[in-house]
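As structure tokens, the structure follows; a few thoughts come after it.
Number of protein chains: 2
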Amino acid sequence: MKKFNVAKKIAKSVSDMSGYVPGEQPSDGGWVKLNTNEFPYPPSPRVKRAIVETVGKDGFGLRLYPDPASSTLRAQIAKYFGVPVEFAFAANGSDDALNLAMRAFADGRMSAATIDPSYSLYPVIAKMQGAKLQQIPFGKNMEIPYAKIFKSKANIFFFTNPNAPTGVGYGADVVEKIAKKFKGIVLVDEAYAPFSGFSATSLVQKCPNLLVIGTASKGWGLAGMRIGWAVANPAIIEVLDRVRDSYNLDRLSQVAGVAALADKAYYEKLCAKIVAERGETEKFFDKLGWGYFKSSSNFILFTPKNSAGFSGARIAADLFNYLRGKKILLRYFPKNKIINMSIRLSIGSPEQMKLFRAAALKWSKIK
Amino acid sequence: MKKFNVAKKIAKSVSDMSGYVPGEQPSDGGWVKLNTNEFPYPPSPRVKRAIVETVGKDGFGLRLYPDPASSTLRAQIAKYFGVPVEFAFAANGSDDALNLAMRAFADGRMSAATIDPSYSLYPVIAKMQGAKLQQIPFGKNMEIPYAKIFKSKANIFFFTNPNAPTGVGYGADVVEKIAKKFKGIVLVDEAYAPFSGFSATSLVQKCPNLLVIGTASKGWGLAGMRIGWAVANPAIIEVLDRVRDSYNLDRLSQVAGVAALADKAYYEKLCAKIVAERGETEKFFDKLGWGYFKSSSNFILFTPKNSAGFSGARIAADLFNYLRGKKILLRYFPKNKIINMSIRLSIGSPEQMKLFRAAALKWSKIK
Chain E
9 MKKFNVAKKI AKSVSDMSGY VPGEQPSDGG WVKLNTNEFP YPPSPRVKRA
59 IVETVGKDGF GLRLYPDPAS STLRAQIAKY FGVPVEFAFA ANGSDDALNL
109 AMRAFADGRM SAATIDPSYS LYPVIAKMQG AKLQQIPFGK NMEIPYAKIF
159 KSKANIFFFT NPNAPTGVGY GADVVEKIAK KFKGIVLVDE AYAPFSGFSA
209 TSLVQKCPNL LVIGTASKGW GLAGMRIGWA VANPAIIEVL DRVRDSYNLD
259 RLSQVAGVAA LADKAYYEKL CAKIVAERGE TEKFFDKLGW GYFKSSSNFI
309 LFTPKNSAGF SGARIAADLF NYLRGKKILL RYFPKNKIIN MSIRLSIGSP
359 EQMKLFRAAA LKWSKIK
Chain G
9 MKKFNVAKKI AKSVSDMSGY VPGEQPSDGG WVKLNTNEFP YPPSPRVKRA
59 IVETVGKDGF GLRLYPDPAS STLRAQIAKY FGVPVEFAFA ANGSDDALNL
109 AMRAFADGRM SAATIDPSYS LYPVIAKMQG AKLQQIPFGK NMEIPYAKIF
159 KSKANIFFFT NPNAPTGVGY GADVVEKIAK KFKGIVLVDE AYAPFSGFSA
209 TSLVQKCPNL LVIGTASKGW GLAGMRIGWA VANPAIIEVL DRVRDSYNLD
259 RLSQVAGVAA LADKAYYEKL CAKIVAERGE TEKFFDKLGW GYFKSSSNFI
309 LFTPKNSAGF SGARIAADLF NYLRGKKILL RYFPKNKIIN MSIRLSIGSP
359 EQMKLFRAAA LKWSKIK
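So the sequence lines, in the order shown, correspond to chains E and G.
If you read the first sequence in our numbering, its first letter stands for residue 9, the second for the next number, and so on.
If you read the second sequence in our numbering, its first letter stands for residue 9, the second for the next number, and so on.
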């Protein structure tokens, strides 16, 4: 092989970046998987029907390119959120939509901003785009640092609502205040909105700078199908259309998304079940005297205490590893000093949560 | 709605670009669709089986994130092309891989190059990346302009082989010569390789600057599933991994890709059938005295002549529209002055080609 130094050929913004590291996806079975906030129930039965029908007798239809605009899915997204169809955009998961938004509205001259902590993908996609990302710390008790956001002069502001990894949700008043006073694009990343009772999509028709991004991964049980969307003023959608891949969603994801969004009743019932289970889990932490953020999501960021009543990074790591040893998988962020005394727990089925509670209770007594 | 000027918020490289315009995908039935080089036969029966098995009884598995690295698919790609697994990368269609390669290896300072004409996506993704794209014209009879390529000082060279839209294929000697003498990354975009008998993947272990990109859209009957790949030296693959979406392929596309690549015998037989049909079509053009490029692809770029023996843009447009009126859809590029006297014809099934030949013959007599 001739000598060739790839490192010298890498684009500047990519040369010193690392890719995003997603949560662990174990390939073996038997895990109580509470680490990546997946839906614990199967998707609507309409999803399977739509996929099987599209595959057909022998997959003949799969040989044709999908609808490049995902028109039927856009129409269903628009219908679901009660907006005109020109306000809707479909993406290969919400990560795709977030990446496209960064590409469309930030660069070496136009910066992005977010609140810290937020979804840890933002620094990765900002770096890739060669854009500066201002990470403005939350106020006390996760209060919104309005003044600093408005002073930031960023071109686009990424607002995770409900927040990840804290799970704290903010209402229409907060989003509207930011959208009114912030001079750039306000991107609301609401992967967890199905568990909060509020979606900022209700504001896009009066806030022309609001770009709301959602996903079927958390609230529709379709993380495996990569279905995301954006809802915004058509002038924003038009720019996302310029930068997207021309066939960004395959045929089966398009029909799965349509089928899921059409079955509102099925999901409302199951989301309510998850919210109830979240309440039970919070009561459990109250009983143990463990701290947590009151969640509007399908997960809880909690701070375990050992039997002596202490908490901290080592104690959190100990519980995380103890549970892992019992094949109960949670998410722990050891490198983030703001939250490394805490662990993130996805809300699973009642059976899964029972197993978690029993193991956590046992740990709290012996450690 | 408050006033908000989105145009002022758009990133510089995106502000004056237009998205790629893919070929027409009619949503109504009854078309003899010979416009986007799709496979005219169903995918391997293993594909349907793999999809149905993964969906399962009720789609329960779809709620879990896919394997972020597409490990099983990468292993199958590596096995198919006879390279170690570290040489393989999976993408959401080859357009995704091309876009990532542009993002990884070109920017405002490091330019890209290609030969003109080539796949019309390259100017779009170069512009989006703020990178200059040098479009070096082909020599007479579509000869490779070696000297100009080597003098270009581009950081990455995009080589469509077999070429689109001409269909002309180049062999191992050509690719190896370019890879040896060009100082940057040599990207071989071989969507049509299954119809040419040569894949540059056979050279990646001796050419460390070679990046070969392929797709299941053309040769595996899976355009609807968005499955693409890259095969290259692991140092190149590592950079693509940095910039890709962390879950770029959904669960069903991953298993469909594995199933298709595993059924070599099925596809070899059908690709041979398409190649034979291509020969028949070339004979038909010979009889009519119409010009065409000898194709190594599953399409032919031909130049129609009217009954008086004339050719040209107006005559090509006339035949294109005449066929369209009979619901026979080909691809015509009116804006490209190098090829606007020609029309691109996908090689379909024998039945489809019979319909095309009958209509074209009739046109040649009455026009």
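Backbone N, C-alpha and C define an ideal beta-carbon position, used for all residues, glycine too.
Using only the alpha-carbon positions, how far apart do E:I59 and G:I59 sit?
When rounded, the distance between both Cα atoms is 9 angstroms.
Counting pairs of Cβ atoms below 8 angstroms between the segment 140-151 of chain E and the segment 358-374 of chain E, do you hit three or more?
As far as the Cβ criterion goes, the segment 140-151 of chain E does not touch the segment 358-374 of chain E, which means the pair count is below three.
Quick one: is G:D326 near chain E, going by C-beta distance under 7 angstroms?
With respect to chain E, the C-beta atom of G:D326 has no partner C-beta closer than 7 angstroms.
Grab the span of the beta strand (DSSP E) containing G:I152 for me, first residue to last.
The continuous stretches of beta strand (DSSP E) do not include G:I152, and DSSP gives it neither H nor E.
Express the C-alpha separation of E:G138 and G:S350 in angstroms, rounding to a whole number.
Rounded to whole angstroms, G:S350 to E:G138 spans 42 angstroms at the Cα level.
Integer Cβ distance of G:Y28 from E:S254, believed to fall under 8 angstroms:
That pair is a contact at about 5 angstroms.
Flag this pair as yes or no: are the beta carbons of G:S52 and G:Y274 separated by less than 7 angstroms?
Yes; because the gap between Cβ atoms is below 7 angstroms, this pair is in contact.
Which one or two residues does DSSP pair with G:L300 in a beta bridge?
Before going further, note that residue 300 of chain G is Tyr rather than Leu in the sequence given. Bridge partners of G:Y300: G:F310.
Pick out the complete alpha helix (DSSP H) segments inside the segment 91-116 of chain E, 4 residues or longer, and give them in chain order.
Complete alpha helix (DSSP H) runs here, min 4: 102-113.
Three-way DSSP call (helix, strand, coil) for E:K121 in this model
Reading off the sequence, residue 121 of chain E comes out as Ala, not Lys. Looking at E:A121 - three-state DSSP - the assignment turns out to be strand.
With DSSP collapsed to three states, give me the class of E:D36.
Note: E:D36 maps to coil in three-state DSSP.
Which same chain residues, not among the five before or five after G:T44, have their C-beta less than 6 angstroms away from its C-beta?
Within the same chain, G:T44 has close Cβ partners G31.
Should E:F203 go down as buried or exposed, given a rule of 16 or more other Cβ atoms within 10 Å for buried?
Around the CB of E:F203, 16 or more other CB atoms lie within 10 Å, so the residue is classed as buried.
Which of helix, strand or coil does DSSP assign to E:W237?
Residue state, collapsed to three classes: strand.
Span of the alpha helix (DSSP H) holding G:D253?
According to the DSSP assignment, G:D253 belongs to no alpha helix (DSSP H), since it is labelled neither H nor E.
Using a Cβ cut-off of 9 angstroms, pull out every chain E residue sitting near G:F292, in sequence order please.
At a C-beta separation below 9 angstroms, G:F292 has no neighbours in chain E, since its nearest C-beta there lies roughly 24 angstroms away.
For E:R259 versus E:P74, is the C-beta spacing smaller than 7 angstroms?
Cβ atoms of E:R259 and E:P74: closer than 7 angstroms.
For E:Y130, go through chain G and note every residue whose CB falls closer than 8 angstroms to its CB, in chain order.
Those do not exist, as E:Y130 stays about 13 angstroms from chain G at its closest Cβ, beyond 8 angstroms.
Are the beta-carbon atoms belonging to E:Q262 and E:L81 less than 7 angstroms from one another?
Contact flag set, yes.
DSSP-derived helix/strand/coil call for E:D24:
The answer is coil: DSSP assigns E:D24 none of H, G, I, E or B.
Return the chain-ordered list of same chain residues with a C-beta closer than 7 angstroms to the C-beta of G:G373, the five sequence neighbours on each side being excluded.
According to the sequence displayed, residue 373 of chain G carries Lys and not Gly. So the qualifying residues of the chain are S315.
Quick one: Cα of E:I133 to Cα of E:F68, how far?
Cα to Cα, the separation comes out at about 37 angstroms.
Would you please state the rounded distance, in angstroms, between the beta carbons of G:T223 and G:S102? I believe it to be under 8 angstroms.
Correct: roughly 4 angstroms between the Cβ atoms.
Tell me whether G:I18 sits in a helix, a strand or coil according to DSSP, three-state version.
Annotated three-state conformation of G:I18 is coil, per DSSP.
Coil, strand or helix - E:S376 by DSSP:
Missing from the structure shown is residue 376 of chain E; chain E here goes from 9 to 375 and no further.
Nearest by alpha-carbon distance to E:K20: which of G:P131, G:M110, G:I235 and G:R352 is it?
Closest by alpha carbon: G:M110.
In the segment 42-72 of chain G, which residues sit with their C-beta less than 9 angstroms from some C-beta in chain E, listed in chain order?
Answer set for the segment 42-72 of chain G: T44, E46, F47, P48, Y49, P50, P51, S52, P53, V55, K56, I59, V60, T62, V63, G64, K65, D66, G67, F68, G69, L70, R71 and L72.
Check the Cβ-Cβ distances between G:F113 and every residue of chain E, and say whether any is below 7 angstroms.
At least one chain E Cβ lies under 7 angstroms of G:F113.
Contacts of E:P74 in chain G (Cβ-Cβ under 7 angstroms):
Chain-order list of chain G residues neighbouring E:P74: G232, by C-beta distance under 7 angstroms.
Output needed in chain order: residues of the segment 298-323 of chain G with a Cβ under 9 angstroms from some Cβ in chain E.
In summary, no residue of the segment 298-323 of chain G has a CB separated from any CB of chain E by less than 9 angstroms.
Mapping the DSSP letters down to three states, classify E:V220 as helix, strand or coil.
E:V220: strand per DSSP, three-state reduction.
Residue ranges of each beta strand (DSSP E) run of no fewer than 3 residues wholly in the segment 263-297 of chain G, ordered along the chain?
Segments of the beta strand (DSSP E) lying fully in the segment 263-297 of chain G: there are none.
Contact set between G:Y28 and chain E, taken where Cβ atoms lie within less than 7 angstroms:
S254, listed in chain order.
Starting from the C-beta of G:G175, find all residues in its chain whose C-beta is less than 7 angstroms away, skip the five residues before and the five after it, and write them out in chain order.
These residues qualify, in order along the chain: F301, S303, S304, S305, F307, I308 and L309.
Tell whether a beta-carbon distance below 7 angstroms holds between G:G179 and G:F206.
Contact annotation: G:G179 and G:F206 have beta-carbon atoms nearer than 7 angstroms.
I need the boundaries of the alpha helix (DSSP H) containing E:Q84, first residue and last residue.
Per DSSP, E:Q84 is one residue of the alpha helix (DSSP H) stretching across S79 to F89.
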